[in-house]
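Report on the following structure.
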Amino acid sequence: MIRSVVQGCGAYLPARVVTNDELAKKVDTSDEWIRQRTGIRQRHIAAEGEFTSHLALKASERALADAQLKPSDLDLIVLATATPDETFPATATRVQSALGMTRGAAFDVQAVCAGFVYGMSVADSMLKNGLASTALVIGAETFSRILDWNDRGTCVLFGDGAGAVVLKAETGTGTSADRGVLANALHSDGRQHDILYVDGGPSSTRTTGFLRMEGKEVFKHAIVNMAAVVTEVLDRAGLAPTDIDWLVPHQANKRIIDGTGRKLGLSPDQVVVTVDKHANTSAASIPLALETAASDGRIKKGDLVLLEGIGGGLAWGASLVRW
Ligand code: UT7
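FYI, my numbering numbers position 173 of the sequence shown as 169, with every residue one higher than the one before it.
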């Protein structure tokens, strides 16, 4: 039984930090409103000329260093993003070239805030099928470029950043004691398009467009779908909520994160929260949170880690990983 085992992880955040108070000078909002409704205190914003591929490259280099591997060891890059450098080619190919990786395949997956769990699932399937042996899975975004900075309902919620993990195919026993990805679960529901989308694109408006969201509606779907998908992925692995060591959720809103943790019966200190510092970085939020908890020593070898996320599509999913 092939398992996709995490060899290392890395993250990168742009240097510029924008606080809630700074935003309150530009739109009709307040630090108090943003903190109470979302838990966000600040976000990082990419500099002029700093693209998604640049953030992805830095996170990838750190992940490779953590894994003690070289770009030439890789034969797959899966990059989850909704904010590619260009309409085509895939931003993953920019990262491939910047890393100096010349073999294998590099492509993007587009599942917005669920992108990282989609990417993990795609890479895991390819490793299991022998299509690749060592993969870089990246979540990288520059959402600041698709925000309507006059819309206080959305512009205060998002930030830029990137995170990456290196997965390597290893032989396991097929039991839930194995290290690596134990199970994945993915879903989408295209009927919910209108509650979270970008009002532009190459085929429709020939513009990039801006993010539009009915926050309250997304919130309701997030609570219901996250509870269902975490149960599904645990069932697939034959494990129970009590087996979980760490919940590393998509970082959109502290209230959604707390709700999922409570439903699983986890104590708050088993839930990794970075939304206060990073805000919602879409596909980057899960690997950024993972890297935070791995590098500060919370997540240890052998721990059971549950990743989950939901975003535009709607698209959602979960991955269960033994670290
Ligand atoms: O990553 C993709 C997944 N996305 C999510 O999971 C986001 C899910 N949704 C949410 O996190 C929350 O719905 C929000 C944080 C977006 C909004 O919180 P809410 O408690 O649902 O607030 P609301 O949208 O119902 O707005 C409440 C009030 C409104 O004013 P009135 O109509 O009550 O007078 C808004 O106009 O807050 C107002 N408001 C703001 N006030 C100050 C909305 N945005 C702001 C703001 N500052 N930035």
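Ideal placement from N, C-alpha and C gives every residue a C-beta, glycine not left out.
- Ser129 sits in coil when the DSSP states are folded into three classes, being neither helix nor strand.
- In the three-state DSSP reduction, Thr34 falls in the helix class (H, G or I).
- In this structure, the beta-carbon distance from Gln188 to Gly309 falls below 8 Å.
- Residue state for Met(-3) is assigned as coil, using DSSP reduced to three classes.
- Under DSSP, Phe215 shares a beta bridge with no residue.
- Sixteen is the threshold: when 16 or more other Cβ atoms of the shown chains lie within 10 Å of the Cβ of Glu287, as they do, the residue is buried.
- Excluding five sequence positions before and after Leu316, the CB atoms of its chain that fall closer than 6 Å to its own CB belong to Leu178, Ala179, Val229, Ala233 and Leu302, given in chain order.
- Annotation: the continuous alpha helix (DSSP H) that includes Lys250 extends over Lys250 to Lys259.
- Secondary structure within the segment 1 to 67: the alpha helix (DSSP H) runs of 4 or more consecutive residues, fully enclosed, are 16 to 20, 27 to 34 and 48 to 63 (chain order).
- Distances from the alpha-carbon of Val14 to those of Arg318, Val244, Ile134 and Leu153 put Leu153 closest.
- Distance from the CA of Arg58 to the CA of Val91, rounded to the nearest whole angstrom, comes to 13 Å.
- Setting aside the 5 residues that flank it on each side, Asn249 is surrounded in the same chain by Thr34, each with a C-beta closer than 6 Å to its C-beta; the list follows chain order.
- Ala236 and Val269 have their C-alpha atoms some 22 Å from each other.
- Short note on Arg148: C-beta closer than 7 Å to some heavy atom of the ligand UT7.
- Here Asn125 is exposed. Its C-beta has fewer than 16 other C-beta atoms within 10 Å.
- Counting along the chain, Gly307 sits inside the beta strand (DSSP E) bounded by residues Leu300 to Gly307.
- In the DSSP assignment, Pro245 falls within the unbroken beta strand (DSSP E) covering Trp242 to Pro245.
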